[in-house]
Amino acid sequence: MILSPASERKLLGVHPQLANIVRRAARITDLPFRVTCGVRTLDEQRRLFQIGATRTLKSRHLTGHAVDLAAELDGKVRWDWPLYARLNKVMQQAAGLSHLELEWGGDWRSFRDGPHWQLPRGVYPDNWGTVRA
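Residue numbers (my numbering): 189 to 321.
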């Protein structure tokens with residue numbers, strides 16, 4: 189599959205290596221997905237923090253080092269946990285084919301975040317992009 193124009197727009201400003209992982213995953217998967225979030229502004233992050241959708245104001249989305257993806261079945265977004273474990277396998281495969289590291293929010297011990305993937309801070313410092321005000 190190829191990403192929709194809407195998903196491609198949401199990859200604008202995302203670190204090129206992460207954007208390429210997402211595109212490669214789209215080409216090799218049999219599970220359709222869409223990009224729901226790439227870069228966020230600090231105001232957007234604050235709103236999400238206030239409603240409990242995130243637990244940090246230092247998100248990797250602020251610097252273009254993270255993406256959120258939504259799995260689709262029959263053209264509809266689904267939030268079933270097994271779909272995100274399946275999507276993670278494809279994302280990790282795509283990262284491996286590019287010889288890159290990728291973290292999945294579903295592996296976090298607290299506030300597991302199945303739709304979230306990011307480049308590791310230790311390899312990709314926050315200073316690549318600037319925080320969007």
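Glycine included, each C-beta is placed from N, C-alpha and C at the ideal position.
Quick caveat, the model's predicted, so the values are computed rather than measured.
The DSSP-derived three-state label of alanine 213 is helix. DSSP places glutamate 232 inside the alpha helix (DSSP H), whose first and last residues are 230–238.
Its Cα nearest to that of valine 223, the residue Trp305 stands out among Asp295, Thr244 and Trp305.
The C-beta distance from alanine 273 to isoleucine 216 rounds to 16 Å, too long to fall under 8 Å, and the pair is not in contact. Contact annotation, proline 193 with leucine 257: C-beta distance approximately 16 Å; criterion of less than 8 Å not satisfied. Taking each of Thr242, Phe221 and Gly226 in turn and checking the Cα distance to glycine 201, the smallest one comes out for Gly226. For valine 255, the enclosing beta strand (DSSP E) covers residues 254–261.
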